[in-house]
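Colleague: I am attaching a structure below and will ask some questions about it afterwards.
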Amino acid sequence: MPDLRARLDSAVPDLLAEHRVPGAAVGVALDGRICATGYGVTHVVHPIGVDENTLFQVGSISRTLLGAVIGRLMEQGVLELDPVARSSARTRASTGASPCATRSPHLASTPRT
């Protein structure tokens, strides 16, 4: 994977600068091999160098990722929404209601406090 690592090394720092991101840990699995490394720092005020083992706080993007995973599992027939969730999703789509208007225990959600 030296070629992949070189490609990451040439692309990731520019992407971080372009999007004003102080740092990122990047991992790629390809053909049974894993290339993982880090770039930049964890925080601009308290900078700690990022490596492949750096832990970051999970933000709102995790819901988007989870939704994409759920969608793929549904496409593959591995996961099916219960009738209440399916009906709720159709109702929200047809009425323009907020995605948080109805919840099901089978759907990923963030509890409101």
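Just so you know, we're using this note's numbering here: the sequence shown kicks off at 221 and counts up by one.
We put the beta carbon where it would ideally sit given N, CA and C, even for glycine.
Mind the definition here: the stretch 237-251 touches the stretch 267-275 only if three or more C-beta pairs lie below 8 Å; say whether that holds.
Modeller: Yes: the two stretches touch, three or more of their Cβ pairs being nearer than 8 Å.
Colleague: Taking its Cβ as the centre, do 16 or more other Cβ atoms sit within 10 Å of residue 291, making it buried, or is it exposed?
Modeller: Exposed, by the Cβ-count rule.
Colleague: Is the distance from the Cβ of residue 228 to the Cβ of residue 257 below 8 Å?
Modeller: In this structure, residue 257 lies closer than 8 Å to residue 228 by Cβ.
Colleague: Would you list the residues sitting across from residue 253 in a DSSP beta bridge?
Modeller: Bridge partners of residue 253: 250.
Colleague: According to DSSP, is residue 291 part of a helix, a strand, or is it coil?
Modeller: It is helical.
Colleague: Please work out which residues of its chain come closer than 6 Å, Cβ to Cβ, to residue 225, disregarding the five sequence neighbours upstream and downstream, and give them in chain order.
Modeller: Closer than 6 Å at the Cβ level, and outside the excluded window around residue 225, lie 255.
Colleague: Run through the DSSP bridge pairs and tell me what residue 232 is partnered with.
Modeller: Residue 232 is not bridged to any residue.
Colleague: Which one of 294, 233, 282, 250 has the shortest CA to CA distance from residue 260?
Modeller: Nearest C-alpha to residue 260: 233.
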